[in-house]
Amino acid sequence: MTLEGIYSYRERQTVDFERLTGARLFGIFGAVGSGKSAILEAMVYAVYGTMDRVSTEVGYNVMNLQSDRLFVDFEFRAGRDGGRYRAVVENRRNRKQFEKVASPRFSYYEWDGEDWRPCERRTVTDAIGLSAQNFKRVVIIPQGKFQEFLMLKDKERTEMMMDLFGELRQYALYD
Numbered sequence: 053m054t055l056e057g058i059y060s061y062r063e064r065q066t067v068d069f070e071r072l073t074g075a076r077l078f079g080i081f082g083a084v085g086s087g088k089s090a091i092l093e094a095m096v097y098a099v100y101g102t103m104d105r106v107s108t109e110v111g112y113n114v115m116n117l118q119s120d121r122l123f124v125d126f127e128f129r130a131g132r133d134g135g136r137y138r139a140v141v142e143n144r145r146n147r148k149q150f151e152k153v154a155s156p157r158f159s160y161y162e163w164d165g166e167d168w169r170p171c172e173r174r175t176v177t178d179a180i181g182l183s184a185q186n187f188k189r190v191v192i193i194p195q196g197k198f199q200e201f202l203m204l205k206d207k208e209r210t211e212m213m214m215d216l217f218g219e220l221r222q223y224a225l226y227d
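In this note's numbering, the protein residues as written are 53 to 227.
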C-alpha cells in the first residue's frame, strides 16, 4: 500500500504487507496518533469509498492540511484463488481555494497474469466477499468498537456470519 496526503501521512509512504503477512497473522501497533487507524481507513476508503471517522466531506477532512493531494494505492490478494487486485483513490485540493477538494477518483484493477486490467469496484468487492460494514467488523474492528461487535443482535450477527461463511448454505447448516 502506498499512502500520501492522508491524515498524518503527508509524505509518500509504502507499507509492504507481503512481508508482514508471511506468518498469515500480524498486528499494527504504535502510540496514539501514530497512524495505525489511518492505514486501515485508507484500505477501506480505496476499496469501498467510505470512511467512518468522517461524517461530512471526506476530501477536506481526511486530506493532510499540508498536502495538495490525497493518494492511496492498495494492492492485495483476495478470493479463493488468491487473485491480485488494486484499488486506487486520488483527491486533489483546489490551488486557489484551500478548503475545496475535488471529488475523489477511484480506479480498480485485476491482475491478468501479465498486467493490471481495469475493472469495476464490484469485481474487487466480490473477490473480497464482504460488504464494507462486515469488512470493518471482522478485519478492522475500529478502536472502541469491539464491544459493539460483541453485542450485535441475533439477526445482524446471523447476517454477518452468512456473509462470512456463505459456504455453509450449500450444506444447509446456516439455520
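All residues carry an ideal CB built from backbone N, CA and C; glycine is no exception.
query                                                                                                              : result
Beta-carbon proximity check, residue 53 vs residue 94, cutoff 8 Å                                                  : yes
Helix, strand or coil at residue 59 [DSSP, three-state]                                                            : coil
Continuous alpha helix (DSSP H) stretch holding residue 173: start and end                                         : 173-180
Sequence-distant residues of the same chain with beta carbon closer than 8 Å to residue 65, five excluded per side : 54, 55 and 56
Close Cβ partners of residue 124 (< 6 Å) along its chain, the five nearest in sequence each way excluded           : 55, 94, 98 and 141
Proximal residues to residue 59 (C-beta, below 7 Å), its chain only, five neighbours per side dropped              : 87, 90, 114 and 116
Inside the stretch 114-138 only - beta strand (DSSP E) runs reaching at least 3 residues                           : 121-130
Residue range of the unbroken beta strand (DSSP E) whose run includes residue 158                                  : 157-163
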